[in-house]
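Participant:
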């Protein structure tokens, strides 16, 4: 009996403790009453609503966000959040408060955006510039909105559910009524055509896999800048974002081929004495931005982050201007080299002319040392010598003729005597 009484008392104490732990905190004034259950963004991926035929995936459980009081630093670089907990917190708060069928950011009400910002502020991230933080927050929501919408549709697409039946499988983050309205918008002919075009483009183009994981690309660029002491070039960022941990192997074959082309262009430009412009080479290899995105840089990197503060439509013009500037610089260097060569040639010609002017005097001095009074004496003496030689030769010829004549006369005399 004593043992049973003791067990009964322990059970009552345990039940009392459980009932005390079930007390709930009052919901925030910003949480909408239209949500049937406030759940995290992970629930979008981990399963569908009650009664759905989609099988739920097992995972780590619901994401709870950052608890107030953590006081994490809100670092911003290139108008991007560096602290990876910040994008995660914004994503969670967004999925917990989907209060209307807004499938695009342009439809997202300003009041809802303000409410989302206030919910984000409850995480108490420390910042030195509230104005900049709010601007970056709005840009982040606009940039990530298409991906958030994809998360809502992902379970239906992955399980190959016909699009006209999507409304039967609402995710946990959206009420059936709102989900049905969203599905009606996605079932629109114009949206379907756009989706089919994007699907075809994805099949034609091999995927370029990034290796940044959950680390924001802005943080990777900041790390490269701190490591190298200067702002990294687009080619350096591309290599860092698509190279595996071994530092040798690329995550995808297409990324490797693109980098090899860029590296070859750099080597070629350097060998020809041209200025190596990484932005121009990157643009020539990867092509112009498509719908505001730069190939291989992810959704968060805009053309102005790669090519400078110019719009995507001006990237080509900017690169052409860079090429024209390089051409002008090359022509200027060529002109300077040509002028230098011409000056050296004129200097050499002047030395030759001076040498020609000094040559007679040098010859005269040399002849004087040899015993000649002037440059004309050896010529005269030489001519005189030649004249004497010719006279002697003539004299010898005459004497020979005289001898011949004497001999002939003698022969004639002898013949007469006979």
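In this note's numbering, the protein residues as written are 1256 to 1673.
Heads up, the beta-carbon is just placed ideally off N, CA and C, and yes, glycines get one too.
Being a predicted model, the structure only gives us computed values, none of them experimental.
#1: Which of the three DSSP states is assigned to residue 1601 in this structure?
#2: How long is the line joining the alpha carbons of residue 1585 and residue 1407, rounded to whole angstroms?
#3: Counting along the chain, where does the alpha helix (DSSP H) carrying residue 1406 start and finish?
#4: By DSSP's criteria, residue 1675 is part of a beta bridge. Which residues make up the other side?
#5: What do you get for residue 1609, buried or exposed, if any count of 16 or more other CB atoms within 10 angstroms of its CB means buried?
#6: Excluding sequence positions up to five away, which residues of its chain have a Cβ less than 6 Å from the Cβ of residue 1382?
#7: When the Cα atoms are used, what is the spatial distance from residue 1511 to residue 1493?
#8: In the DSSP assignment, find the unbroken alpha helix (DSSP H) run with residue 1205 in it and report its ends.
#9: Considering residue 1368, what are the terminal residues of the alpha helix (DSSP H) in which it resides?
#10: From residue 1541 to residue 1361, what distance separates their C-alpha atoms?
#11: Helix, strand or coil, according to DSSP, for residue 1548 in the structure here?
#12: Touching or not, the segment 1365-1377 and the segment 1499-1508, by the rule of three or more beta carbon pairs under 8 Å?
#13: For the alpha helix (DSSP H) containing residue 1485, list its first residue and its last residue.
#14: Taking all protein chains shown into account, do 16 or more other C-beta atoms lie within 10 angstroms of the C-beta of residue 1411, making it buried, or fewer, making it exposed?
#15: For residue 1358, is the classification buried or exposed, using 16 other Cβ atoms within 10 angstroms of its Cβ as the cut-off for buried?
#16: Pull up the CB-CB distance for residue 1490 and residue 1538, whole angstroms please, since I reckon it's below 8 Å.
#17: Please state whether DSSP places residue 1360 in a helix, a strand or coil.
#18: Measuring alpha carbon to alpha carbon, tell me which residue in 1427, 1428, 1437, 1405 is nearest residue 1420.
Facilitator: In brief:
#1: Within the chain shown, residue 1601 is the residue found at index 346, counting from 1. In the structure shown, residue 1601 sits in a helix (DSSP, three-state: H, G or I).
#2: As a position in the chain shown, residue 1585 is number 330, starting the count at 1. As a position in the chain shown, residue 1407 is number 152, starting the count at 1. Taking the straight line joining both Cα atoms gives about 54 Å.
#3: Your numbering for residue 1406 matches position 151 in the chain shown. Note, residue 1406: alpha helix (DSSP H), 1385-1413.
#4: Absent from the model: residue 1675. The displayed extent of the chain is 1256 to 1673, so no value can be given.
#5: Taking the chain shown and counting its residues from 1, the one referred to as residue 1609 is at position 354. Exposed, by the Cβ-count rule.
#6: The residue labelled residue 1382 in the question sits at position 127 within the chain shown. Cβ neighbours of residue 1382 beyond the five flanking positions: 1329, 1388.
#7: Along the chain shown, read from residue 1 onward, the residue named residue 1511 stands at position 256. Along the chain shown, read from residue 1 onward, the residue named residue 1493 stands at position 238. About 10 Å.
#8: No answer is possible for residue 1205: it lies beyond the span of the chain, which begins at 1256 and ends at 1673.
#9: Counted from its first residue, the chain shown places residue 1368 at position 113. Where residue 1368 is concerned, the enclosing alpha helix (DSSP H) stretches over 1365-1376.
#10: Position 286 of the chain shown holds residue 1541. Position 106 of the chain shown holds residue 1361. In a straight line, the C-alpha of residue 1541 is about 30 Å away from that of residue 1361.
#11: Position 293 of the chain shown holds residue 1548. Of the three classes helix, strand and coil, the one that applies to residue 1548 here is strand, per DSSP.
#12: no
#13: Along the chain shown, one-based indexing puts residue 1485 at 230. No alpha helix (DSSP H) contains residue 1485, which DSSP labels as neither H nor E.
#14: Within the chain shown, numbered from 1, the residue matching residue 1411 stands at position 156. It is buried - the Cβ of residue 1411 has at least 16 other Cβ atoms within 10 Å.
#15: Along the chain shown, one-based indexing puts residue 1358 at 103. Label assigned to residue 1358: buried.
#16: Position 235 of the chain shown holds residue 1490. Position 283 of the chain shown holds residue 1538. Wrong, their Cβ atoms sit about 11 Å apart, outside the cutoff.
#17: Position 105 of the chain shown, counted from the first residue, corresponds to residue 1360. Residue 1360 falls in the helix class under three-state DSSP.
#18: As a first step, residue 1420 is located in the chain shown; it is residue number 165 there, counting from the start. Nearest option by C-alpha distance: 1437.
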